[in-house]
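Those protein sequences? They're chains A and B, same order as listed. The first sequence lines up with residues 2 to 382 when you count with this note's numbering. The second sequence lines up with residues 1350 to 1580 when you count with this note's numbering. We treat Cβ as the ideally placed atom computed from N, Cα and C, and that holds for glycine. Note that the structure is a prediction, hence the values are computed from the model and not measured. Structure first, commentary second.
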Amino acid sequence: MISLAKEDIRHTLGKFIVTAMGVGMLLGIVLIMMGVYRGMISDAEVLLNDLNVDLWVVQDDTLGPFAEASRVHEDLKYTLKSIQAIDKCEAITFQNLQLPLANRKLAVLAIGYDVYGEINPINYNRLIEGTVLQNDHYEIVVSDKTGYKLSDKIKLGRNSYKVVGITHGTVASGGDPLVYISLKDAQELQFTYTNKRIQTDRARGIINKDTHLVNAIIATLKAGYNVDIVAQEIQKWHHKNVYTKVQQKVVLTRNVVEKASKQIGLFTVILIAVATIIIALIIYTMTLEKMKEISIMKLIGLPNSMIIKMIVEETLLLGVLAFIFGNIFAHLIYGKFPKNVVLELNDAWLLFGIVVIASIFASFIGVKKVINADPTVAIGG
Amino acid sequence: MSNIAIKVENLYKSFGKGDTLVEVIKDASFTIDKGELVALVAPSGAGKTTLLMMIGCVDTPNSGQMWIGDEKVYDNKWLTKETRKLRREKIGFIFQAHYLIPFLNIIDNLTLLPQSNGTNDKVSKAKARELLKYLDIADKEKAMPSQLSGGQNQRVAIARALANNPQIILADEPTAALDIHRSVDVLKMLKKIALEQNVAIIMVTHDDRMLPYCDRVMEIENMGVVFKDSK
Ligand SMILES: Nc1ncnc2c1ncn2[C@@H]1O[C@H](COP(=O)(O)OP(=O)(O)OP(=O)(O)O)[C@@H](O)[C@H]1O
Ligand SMILES: [Mg+2]
């Protein structure tokens, strides 16, 4: 049996492939968009997963340091430690810093932790050079994205910090690289004012010496305790907001990256709609170009089904080919994006399904043209 | 089985209505036998193509009766829902231009219609090769239409019209684009086909020199059909 679609495409192969490549680039962008979304979600969860603690105790009525400013007293950690269910418990700070580079500044998120404490936020699997912090002063561990090398000195606030370790793949929920400093240094950077400010504050009668603040207390539970129940208990007795890891994940995806992901989602939907319209237009013009042949086929008695089969097969082939080109294109360029782009197989399959459905939908317009074609137009009445 | 290929009675055809009504065929009645080559001659706009398209079950008459072979196909309305199936199985078409499918090679152009009728690949190819040989273009089966001359393509078009073993071949000015020698060749070929394949052929022509090769000459006069001597 002759395949009309195959023969027609063979006849205009170059044109068909170029068209598929064009649509493919559009689909490639759709894949990248999906990848940007995935990257955002996975970036957002890096820190949460690296810490891997059961409870986050944060300032009353706040969502915690991932979403907003949260301050609690450092000594809360001792109170919490005395609770039966708590295994390990540490204070932690989050702060945005501008890291000085050669000729510009780089926004990073600094994590402050107790160097001698029980919970270390640095994931050893991500440590590619050097060590974690060894001393509780003037040492820093940086993400490789910052460009700093081991033993480099970085000036922050009043002091100079020595790079003792380099990590890879450590980013904050916004995509900024992470750096790690000791809790004491972090408190100094975050809560200590300049001498001038202290002078003017004193002149006004403000004496604020309380630098023993942190952004959250994190804790793990002993085996056999229910996270939700312990969280409720602490919340009730200490007037703090307490989140489990699962709840923090929800905060991250809902409150932190939700707008960005909605934006990307909308872009993706629009791009898919545009791709569908473009495929439909291509099929329409491809059908128009063949109108004479189609009316001849109808005139000599070829059934509609054969002609429709040709149109639908060509549309599907265009869609599938464009999808393949799109994947190739996306894999070629995704590494060049500044933020993390994660191409997932499931997303590709989802797009494949959409492309197939869109192609079938797009072919309707050509099919309608075939059904309505007058068989006598070709011979001029 | 009778020897009648086409029978038409009281056929009426007009286009439009009211002020724009154009009557083309008012009352046509005739029969054409199998094996006959009939010329259809009339001035431009007289309704030759219209008549051919009605016999070919492409255009719908307003009223009348029509038979193809022994089968009554039209009685003030089509008696089958699928006129296209009638065309596919019983009728071959030839036009002034070859109208081959440009993206199919010669043999695929010939086997397309028979295959859509359910004839298998092998049988339809064998028949196509036989026809190409019959029309003296056997060496071109793998060529594309664009690689053939006008005369060669017209022969392929004739072969295509024969490929589905039709009972009737309808040819609308098949020689208009050819020079006199090629035209005569085509006429001789059509005559041979009519006799050997036992099909009825109606051929529209404006060229009086073609008439001696035809068995009868049919004219459209006063919106009806009359037969004249071909000699
Ligand atoms: N679809 C249509 N709508 C309206 N009028 C039509 C239509 N088709 C044909 N006609 C009219 O019917 C008449 C016969 O047309 P037809 O094409 O059959 O003539 P013809 O004898 O084949 O002419 P020619 O020798 O120029 O091909 C013409 O007056 C034409 O204008
Ligand atoms: Mg005509």
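- When the five nearest sequence neighbours on each side are left out, the beta carbons in the same chain lying within less than 8 Å of the beta carbon of Ala1508 of chain B are those of Leu1459, Ala1477, Leu1480, Leu1481, Tyr1483, Leu1484, Ile1486, in order along the chain.
- In the three-state reduction of the DSSP assignment, Leu56 of chain A falls in the strand class.
- Closest in C-alpha terms to Thr193 of chain A, from the list A:Ala331, A:Thr212, A:Gln249, comes A:Thr212.
- Within chain A, the C-beta atoms nearer than 7 Å to that of Phe1452 of chain B come from Glu8, Asp9, His12, in chain order.
- A distance below 6 Å between beta-carbons, with the five flanking residues on each side excluded, links Leu48 of chain A to no residue of its chain.
- Lys1397 of chain B has its Cβ nearer than 7 Å to a heavy atom of ligand 2.
- The beta carbons of Val180 of chain A and Ile141 of chain A sit about 6 Å from each other, so the pair counts as a contact at 8 Å.
- For Val109 of chain A, the enclosing beta strand (DSSP E) begins and ends at 106-114.
- Assignment of beta-bridge partners to Val1566 of chain B by DSSP yields B:Ala1388, B:Lys1577.
- Where Trp1416 of chain B is concerned, the enclosing beta strand (DSSP E) starts and stops at 1412-1417.
- Using a cutoff of 7 Å, the CB of Asp375 of chain A does not count as near ligand 2, since none of the ligand's heavy atoms is closer than that.
- As the crow flies, the alpha-carbon of Asn1547 of chain B is around 40 Å from that of Glu315 of chain A.
- When secondary structure is reduced to three states using DSSP, Gln249 of chain A falls in the helix class.
- Taking the CA atoms as reference points, His1555 of chain B sits about 7 Å from Glu1522 of chain B.
- Linking Val243 of chain A to Asp137 of chain A through their CA atoms gives a straight-line distance of about 28 Å.
- Among the bridge pairs identified by DSSP, Ala217 of chain A is matched with A:Ile93.
- A:Ile312 is the residue among A:Ile358, A:Thr20, A:Lys16, A:Ile312 whose C-alpha sits nearest the C-alpha of Lys369 of chain A.
- The stretch 82-97 of chain A makes contact with the stretch 214-233 of chain A: 3 or more CB pairs, one atom from each, lie closer than 8 Å.
- Interface with chain B (8 Å Cβ-Cβ cutoff): Thr377 of chain A is included.
- Apart from the 5 residues on each side of it in sequence, Leu319 of chain A sits with its Cβ closer than 6 Å to the Cβ of Ala21 in its chain, given in chain order.
- Separation of Gln99 of chain A and Gly25 of chain A (C-alpha to C-alpha, rounded to the nearest whole angstrom) is 40 Å.
- Here DSSP, grouped into helix, strand and coil, assigns Gly131 of chain A to strand.
- Uninterrupted alpha helix (DSSP H) stretches at least 4 residues long and entirely within the stretch 1470-1549 of chain B occur at 1470-1483, 1499-1512, 1529-1546, given in chain order.
- With fewer than 16 other Cβ atoms from the protein chains shown falling within 10 Å of its own Cβ, Asp1470 of chain B counts as exposed.
- Distances taken from the Cβ of Val1566 of chain B to the heavy atoms of ligand 1 include none shorter than 7 Å.
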